[in-house]
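Sequential numbering from 425 applies to the sequence shown in the numbering used here. Yeah, the Cβ is synthetic: ideal placement off N, Cα and C, and Gly gets one too. Predicted model, so just to flag it, every value in this text is computed and none were measured.
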Amino acid sequence: MDTTIHVFLSYLRVERGLSQNTILAYGRDLRRFAGFLAKRHKNKVDSVNREDVVDFLSDLYKQKLDSRSVSRYLVSLRSFFKYALMEELVRVDPTENLESPKIRQSLPSYLRKDEMNRLMEAPNAATPIGLRDRAMLEVLYSTGLRVSELLNLHISDVDMRMGCVRCIGKGDKERLVPIGRKAIGRSWRPTLPARGPNSSGRGLRHCTIKSCS
Numbered sequence: 425m426d427t428t429i430h431v432f433l434s435y436l437r438v439e440r441g442l443s444q445n446t447i448l449a450y451g452r453d454l455r456r457f458a459g460f461l462a463k464r465h466k467n468k469v470d471s472v473n474r475e476d477v478v479d480f481l482s483d484l485y486k487q488k489l490d491s492r493s494v495s496r497y498l499v500s501l502r503s504f505f506k507y508a509l510m511e512e513l514v515r516v517d518p519t520e521n522l523e524s525p526k527i528r529q530s531l532p533s534y535l536r537k538d539e540m541n542r543l544m545e546a547p548n549a550a551t552p553i554g555l556r557d558r559a560m561l562e563v564l565y566s567t568g569l570r571v572s573e574l575l576n577l578h579i580s581d582v583d584m585r586m587g588c589v590r591c592i593g594k595g596d597k598e599r600l601v602p603i604g605r606k607a608i609g610r611s612w613r614p615t616l617p618a619r620g621p622n623s624s625g626r627g628l629r630h631c632t633i634k635s636c637s
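Laid out in C-alpha cells, this is it:
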C-alpha cells in the first residue's frame, strides 16, 4: 500500500503538476487511511472494499473531525482509487457512488479594524526584521495572497510602478495581483549584503527590508 501511495504522489507531482502543499496533504490523508487498513491486516490496494472506506470515514467522525475535514479525506481517496483503477491496480473503485458529507456553511470570521491595526503595529518598526514583517503583513492584507505565496515572493516580483505583484500559485500558475497604495507607500528594499548574482531574488522571508517611505 505504501508503495502505491508513493507512486501516486509522484504522479500528482509529475503528471498533474500539483503544488507541494497539495501533494503533502494527499500523502497525510492516504497514510492515515493506510494505518487504518493495517489494523485490519490489509496492506494491498486491491484488498480494499467499500466497507473499509465507509468505516474509515465513520472513524474520522468518531475522532471529532468536522464534515469539511472528512470530505477532504474522501476527495483524497477518490483521487487515489481513480488512479488505481486507471492503472488497473484495482477492478472496482470502492469510493464509487459514496456521497460526500454535507458541509455546514458558516459565516467567515474576520478581524475588526482595531484588531487589524494592532496586528499591523505588532512588529517592531525600529528593527530591520520588524520592518520586514510589517511590510509582509501589508502585502498580505493588500493582495489577499496565500501565506505560501507570500513566503515565496521575491523582491523582483513586486512592481511598484505598475502597482502589482507577480506570484506563482497552485499548479505553478503565474498571475498578477494588484497591490494597494498603502502597501506600496511602505516601500521596501533588501538590505542584506549581496550573496552571489541571484541574492536580490531571495524570498521575502529571507530578506531584511528597510522602509523607504
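Distance, residue j Cα to residue i Cα
i    : j    : result
E523 : R502 : 11 Å
V582 : I553 : 19 Å
E511 : G604 : 48 Å
F505 : E539 : 45 Å
L498 : N521 : 12 Å
Y378 : Y507 : For the chain, the structure presents residues 425 to 637; residue 378 sits outside this window and is missing.
L616 : E573 : Caution applies to L616, whose pLDDT of 39 falls short of 50 and renders its modelled position unreliable; the value that the coordinates give is listed next. Answer to the nearest angstrom: the Cα atoms are 21 Å apart.
I579 : V469 : 46 Å
L600 : M584 : 13 Å
L509 : Q487 : 30 Å
A449 : F480 : 17 Å
E439 : R456 : 24 Å
R492 : Y565 : 26 Å
S533 : V514 : 43 Å
M425 : V478 : 18 Å
N541 : L489 : 33 Å
T640 : V516 : Coverage of the chain is limited to positions 425 through 637, which leaves residue 640 absent and any answer about it impossible.
V431 : K466 : 18 Å
T567 : M586 : 14 Å
P525 : R556 : 42 Å
S500 : L569 : 25 Å
R464 : R474 : 14 Å
L433 : E545 : 42 Å
Supposed contact pair residue j and residue i - C-beta distance, whole angstroms, cut 8 Å
i    : j    : result
D476 : L461 : 6 Å
P518 : V472 : 5 Å
Q575 : L561 : Checking the sequence, you will find Leu at residue 575 rather than Gln. Wrong, their Cβ atoms sit about 13 Å apart, outside the cutoff.
A607 : V563 : 5 Å
L577 : C591 : 6 Å
R536 : A549 : With 8 Å as the limit, R536 and A549 do not qualify as a contact, their Cβ atoms being about 22 Å apart.
L436 : I447 : 5 Å
G451 : I429 : 7 Å
Residue(s) in a DSSP beta bridge with residue i
i    : result
E598 : I592
A583 : The identity of residue 583 in the sequence shown is Asp, whereas the question assumes Ala. Answer by DSSP bridge pairing, in chain order: C588.
> What are the uninterrupted segments assigned as beta strand (DSSP E) that are 3 or more residues long and contained completely in the region 498-558, given in chain order?
Replying inline: With a minimum length of 3 residues, no continuous beta strand (DSSP E) run stays inside the region 498-558.
>> Three Cβ pairs or more, each shorter than 8 Å: is that satisfied between the region 580-600 and the region 443-450?
In response: Touching, yes, given that three or more Cβ pairs across the two stretches are closer than 8 Å.
> Which parts of the region 446-488 are runs of the alpha helix (DSSP H), unbroken and 4 residues or longer, counting only runs that do not cross its ends?
Replying inline: The region 446-488 contains these whole alpha helix (DSSP H) runs: 474-486.
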